[in-house]
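S.K.: Protein chains in written order, with the working numbering: chain A, 1 to 120; chain X, 1001 to 1550; chain E, 2001 to 2330; chain R, 3001 to 3226.
Ideal placement from N, C-alpha and C gives every residue a C-beta, glycine not left out.
Right, I'll just put the structure down here and ask away after.
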Amino acid sequence: MSEHTEQGGNAGHVVPVSTYVLVFFALMAGTALTTGVAYIDLGRWNTVVALAIAVTKMMLVVLFFMHAKYATGLTRIVILAGFFWLGIMITLSCSDELTRTWEIVPKGWNVIVPFVSRLF
Amino acid sequence: MSTAQAVPAESSVNYLNANYGIKSWLLTFDHKRIGLLYLASITLMFFVGGVPAVLMRLHLIEPQGALFEPETYNKLFSTHGIIMVFFFLVPSIPATLGNFLIPLMIGARDVAFPKLNLMSWYLFIIGALFALYATLSGGVDTGWTFYPPYSSSYSQTHVVAVALGVFIAGFSSILTGLNFIVTIHKMRAPGLTWFRLPLFIWAMYATSLIFVLGTPVIAVTLLLLGAERILHVGIFDPAVGGDPLLFQHLFWFYSHPAVYIMILPGMGVVSELVTAFSRKKIFGYSFVAFSSLSIAVISFVVWGHHMFVTGQSVYAGLVFSVLSFLVAIPSAIKVFNWTATLYRGSISYEAPMLYALGFIGLFTIGGLTGLFLASLATDVHLNGTYFIVAHFHYVMVGGAVMAYLGGIHYWWPKITGRLYPDLWARIAAAIIFIGFNLTFFPQFVLGYLGMPRRYAVYPAEFQVLNVMSSAGASILGIGYLIPLIYLTWSMRYGPVASSNPWRAKGLEWTIPSPPPTENFTEIPIVTEEAYNYPVAEPRKYPSAPGVARV
Amino acid sequence: MMIGFIESGLNSVRGAAAMFPLQPPAASSIAEGVDKLYLALTGITLFFSVLIFSIIFYFMVKYRRRSDDEIAAETHTSMVLELGWTIIPSLICVVLFVWSSTLYVRNSRPPAASTEIFVIGKQWMWHLQHSEGPREINELHVPVGVPVKLTMTSQDVIHDFYIPAFRVKKDVLPGRYSSIWFQATETGTYHLFCAQYCGTNHSEMIGWVYVMTPTDYAAWLAGGEKTESLAEQGQRLFIQFDCGSCHVAGGGGRGPSLAGLYGKPEKLASGETRVVDESLIRQAILVPNSVHMPSYQEIMPTYQGQIDEEQILQLIAYVKSLGSEERNGK
Amino acid sequence: MSELAAHGTHPPGFAHQFETVGQQREAGRLGMWVFLVTEILFFGGMFASYTIYRALHYESFVTGSHLLEVKFGATNTYVLICSSLTMALAIRSAQTGKRKGQIILWLILTMIFGALFLGLKLRFEWYRDYVDGIVPGINWAYNGPHAPGVQMFMCFYFFMTGLHALHMVAGLGVLTVLVIMTARNKFSPEYYAPLEISGLYWHFVDIVWIFLFALLYLIGGRYPGS
């Protein structure tokens, strides 16, 4: 599967056309699926499903089209750092925005559940 | 390490005399020349931002305001803040010393992307021109924080032009940070492992992380603010369900880490200075190195302490408070390690060392007073008062600017190939230290007494302390002018510097002063740790040839 | 003779302290706690600053370079030291966090039986409205020893209500209510500042807080023009806007009865349960559909633009008074 | 520059500050990934605001979402996925040393899909929105339920899709340059870094759209009564 065009690990990885086509069809199917699911009443889960499919599609693009699957550890750390920091921003701003109306100090899961469920 | 051949600067071709003319500067891709372009432009911005500060202190001598209408005063503090934060402090050490030194210190011929580097400078200049245009054509009166709905719906001044300037200058930061990260990862000389890097490089790496991860957020936030102001649509405006506090969250997501953009490079400089002038390996290398990284990371999770009194939820307040305390620890580790480095050293007191010691002292006070603001109960009283003003000036001026000046003095012989009069430099350092404390210490007291910041007029009982502060400011102002004069003088008339006038360690001191355009004739192979000063007791320090001293 | 000397010395120190106060007047029940924490923090700051400064100074002198060719002696990184100056500051921070947060959380909750005063900030003045009716501008009269709760909102930009002597401060935001409370402990006159930059005359958005003995305060309330109480003003508005045609007292109308509603948790159509407080009533008047109750139709029109912040406060006071009447009746 | 002679022959596209071709390629790749991280946080600022406001004004956002037509959003998603595939194939052609005609073909196809995306967006969405009066700040005539919240949703819709479209336009510019460079025989299996790096950017813009489609068009579902 791996076919290097140059000496050492620097060279770009050549991905077989079949893999690209497979990923392509998976992406198309994912789009059809997410569109279709939107017309079924799943309550709160509609958003969860839509986001889950979007994340899966993103993973496919990042891993195969963008060659992250064949990239160095450093590249992967860079990608993860981006999402980690996005996570920091969203979580901590929500920790204020979504808890302002709280009257009583909720305990344990009582904190997490209403907090998370408001996002979906 | 390849040994230095101290070539007399006059006779050799170096980056300064390789070619001449405006074009050779404005179209240069040489990181050293770009560093100097930044040096010139931010020095200009420093004095542009300094004039309003002087006028403000003069105005505040009298409780009713000695000089201006409140409207003008508001524009003065806004201009001072915007210029100093976005156009001086943020680019100060990274863009000048960072650009100049990173390739030299890691044994590279240039940064990874020289064209991008020049583009960063042009973006900075374009951003600065917008800010200057806005200032000259009537100014802006929102403060550097641009809080809506005042900035989006009520202010009658040039908010959009300034925001655009900051937006564009932001991209300059992003590209600089990107360039540095790639350079430090990919351009290190053979043998120069991460734990052999000078601590300045670690600090610049941590700074670049903040540039890259924080700056895009302020960019998009200002974009949203501009759109709200131009199109009159509701994003942060509560009149249509928007939340003005969301702006503050996004703003401080960048602007709190931005404080560390200002101080981390200063910490890096001080690590270099303390080792060079005590001729010792740094105490606790890995602790100092990792504290830089942890400061960079923690800086992103503490922003809510700017919002303890804004009506942020109590729960978020508690989370942000505990995280804010966390950032004190790596800072403390650094201070203790610098102090311990002095132990049994061979300490000399040239001007750069005076700045470095001044930095440690002032940063200690600045950092410790931060504890008052991380503590929820005291922050409620102190937030929005002069206590805040004093605290962040201790960190940013007492800290960052002292380190910047120390660094400029330390590497000046390398940059220009000339020495400056050390006596004058020491006098200036002392004047700045004294002037600084006289200016800002009274403001701690003012803040505790309850005087709010951004007040054009104030109750008469605060006058004594305000006059003290203004008196100190006049000393501080003079202090800043002295280096400008003798450094400019030395460029032409200063004694010629050897390649290593301080007998310091580091790759940058192994090449001629000023360095040749390609930095290293042969890329060095590094075989030793940073700051590997000789230690065996009876041996004499080997004399470097061609040392010239004032 | 000696004693007299010391006394005169002390007096001159006191005189200097009066000229150079290092502490603002402390005139509320929470001021002492905050000041203690402040003092502790100052102590920590002084201790570490002095420590660092003296060590540096000592090393500077002791290890000064005596000849140009001198080299340093070898030292090694000590794990004990590194851990020591990591752990000790961490412990100090933990103590400070717990101390300050306990104080903050305790200070953030007003006692149940607080006198209520409403504050509206606008460029560049403070409107203060007592429940009993009197209105003030840039002046606030409060009785000593009674907990006072301020419910605050802004008509334009963000302001900040700050009384240094009480150690209380809170941003006053447009579009929502924020609140603080205090219990004055010393009679006197104290500064009131706006501490969030709000435009041209920000520094003139200041005033005075007069803390009076209860009898003086009662006299002050009784004096001046006879005004309706806030709830009575709200009731007039309630009639004027014909709110009662839907919100029929005793229930059965197209909207919920408002009696006894205040302070009760209510399940909303969105599935959320919220306590009926000032913010919720305000939202119900301005954006009714966002908080409507499941058993009623979404028919209430918005009153956005037809009613100002002051009138909303009057209506809130009226709704609250309905609650208390019902409870009194039981 | 003068010491380049020391490195023997000058490989195509080799810059003087690097020691080896591999170093240069890795630097370029890392640089682009770091840039994409800044892009994540750039769009992230909007995603964060969107998430918070959506949580606070859920019903308004659902109402606003229903003003958008899923069929156009979905079509454009398909179009962008196609363009991502052709972009990947263009790079592969260069990697494996195919004739330049083939590389150009894939690049042009990518550009056609990109332009198609923008065309659809402009003609069938933004233009109609403008006619229908649901463009906040420019032509706003909406008077249905939840008007303030819907306006806020539409603001975010236009900012996010607008910024995304700007990135597409920039990408089309980059692709044009790549076509010219390919035509001038700049690329070979040894040197195709500009293609590879631009590809990363193009795929990233695709990913942003994948999320925009899910968040803007599909939230709250499209089933009757949602």
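By alpha-carbon positions, which one of 1419(X), 1412(X), 1388(X) and 1273(X) ends up nearest to residue 1353(X)?
M.R.: 1273(X)
S.K.: Which one of 2139(E), 2057(E), 2220(E) and 2219(E) has the shortest CA to CA distance from residue 2205(E)?
M.R.: 2139(E)
S.K.: From this set, 2092(E), 2243(E) and 2274(E), which residue's C-alpha is nearest residue 2303(E)'s C-alpha?
M.R.: 2243(E)
S.K.: If residue 1342(X) sits next to residue 2056(E), beta carbons under 8 Å apart, how far is it from one beta carbon to the other, in whole angstroms?
M.R.: 7 Å
S.K.: Here's the rule: buried if 16 or more other CB atoms are within 10 angstroms of the residue's CB, otherwise exposed. What is residue 1257(X)?
M.R.: Of the other Cβ atoms in all chains shown, 16 or more fall within 10 Å of the Cβ of residue 1257(X); this residue is therefore buried.
S.K.: The alpha helix (DSSP H) spanning residue 1087(X) covers which residue range?
M.R.: First-last for residue 1087(X): undefined, no H or E at that position.
S.K.: Grab me the residues of residue 2025(E)'s own chain with a C-beta within less than 6 Å of its C-beta, minus the 5 sequence neighbours each way, in chain order.
M.R.: 2165
S.K.: List in chain order: all unbroken alpha helix (DSSP H) runs of 4+ residues lying wholly within the region 2257 to 2293 of chain E.
M.R.: 2278 to 2286
S.K.: Can you pull the chain R neighbours of residue 12(A), defined as C-beta to C-beta under 7 Å?
M.R.: 3095 and 3196
S.K.: How many Å lie between residue 1096(X) and residue 1233(X) at the Cα?
M.R.: 40 Å
S.K.: Which one of 1149(X), 1065(X) and 1332(X) has the shortest CA to CA distance from residue 2087(E)?
M.R.: In terms of CA proximity to residue 2087(E), 1332(X) leads the group 1149(X), 1065(X) and 1332(X).
S.K.: Just to confirm the assignment, what range does the alpha helix (DSSP H) spanning residue 3100(R) have?
M.R.: Per DSSP, residue 3100(R) belongs to the alpha helix (DSSP H) from 3100 to 3120.
S.K.: Note down the Cα distance separating residue 2121(E) from residue 2203(E), rounded to an integer number of angstroms.
M.R.: 14 Å
S.K.: Residue 2044(E) lies in the alpha helix (DSSP H); which residues open and close that run?
M.R.: 2031 to 2062
S.K.: Should residue 3175(R) be labelled buried (16 or more other beta-carbon atoms within 10 Å of its own) or exposed?
M.R.: buried
S.K.: With a threshold of 6 Å on Cβ separation, who are the neighbours of residue 3025(R) within its own chain once the five nearest residues in sequence on each side are excluded?
M.R.: Taken in chain order, the residues that qualify are 3193.
S.K.: Taking C-beta pairs closer than 7 Å, name the residues in chain X that residue 3026(R) reaches, listed in chain order.
M.R.: 1186
S.K.: Determine the closest residue to residue 1298(X) out of 1316(X), 1323(X) and 1425(X), with distance taken between C-alpha atoms.
M.R.: Per the Cα distances, 1323(X).
S.K.: Please give the ranges of any alpha helix (DSSP H) in the region 1104 to 1153 of chain X, keeping only runs that are unbroken, at least 4 residues long and fully inside the region.
M.R.: 1114 to 1136
S.K.: Nearest to residue 2197(E) by alpha carbon, out of 2228(E), 2232(E), 2161(E) and 2186(E)?
M.R.: 2161(E)
S.K.: Of all the residues that make up the region 3012 to 3023 of chain R, which are near chain E by a beta-carbon distance shorter than 7 Å?
M.R.: none
S.K.: Going by the CB atoms, is the gap between residue 1034(X) and residue 1118(X) shorter than 8 Å?
M.R.: yes
S.K.: Which two residues bound the contiguous alpha helix (DSSP H) that contains residue 1368(X)?
M.R.: That run of the alpha helix (DSSP H) goes 1351 to 1374.
S.K.: With a threshold of 8 Å between beta carbons, is residue 1379(X) in contact with chain R?
M.R.: no
S.K.: Give the straight-line distance between the Cα atoms of residue 2074(E) and residue 1525(X), rounded to the nearest whole angstrom.
M.R.: 25 Å
S.K.: Hey, out of 1145(X), 1162(X) and 1211(X), whose CA is closest to residue 1175(X)'s CA?
M.R.: 1211(X)
S.K.: Measure the Cβ-Cβ separation of residue 2093(E) and residue 1328(X) and say whether it is below 8 Å.
M.R.: yes
S.K.: What is the DSSP secondary structure of residue 2308(E), reduced to helix, strand or coil?
M.R.: Residue 2308(E) falls in the coil class under three-state DSSP.
S.K.: Answer yes or no: do residue 1412(X) and residue 1420(X) have a C-beta to C-beta separation smaller than 8 Å?
M.R.: Yes, the Cβ-Cβ distance between residue 1412(X) and residue 1420(X) is below 8 Å.
S.K.: Candidates 3208(R), 3211(R), 3094(R) and 3135(R): which alpha carbon is nearest residue 3197(R)'s?
M.R.: When the alpha-carbon of residue 3197(R) is set against those of 3208(R), 3211(R), 3094(R) and 3135(R), the nearest one is in 3094(R).
S.K.: Beta-carbon of residue 2289(E) versus every beta-carbon of chain R: anything under 8 Å?
M.R.: yes
S.K.: Could you check whether residue 2044(E) and residue 1507(X) sit closer than 8 Å to each other, using their CB atoms as the reference points?
M.R.: no
S.K.: With 16 other CB atoms within 10 Å as the buried threshold, where does residue 2267(E) fall?
M.R.: exposed
S.K.: Go to residue 1492(X), then tell me how far its alpha helix (DSSP H) extends in each direction, as first and last residue.
M.R.: 1463 to 1493
S.K.: Work out the CA separation of residue 1104(X) and residue 1062(X) for me, nearest whole Å.
M.R.: 51 Å
S.K.: Can you name the start and end residues of the alpha helix (DSSP H) that residue 1251(X) belongs to?
M.R.: 1244 to 1278
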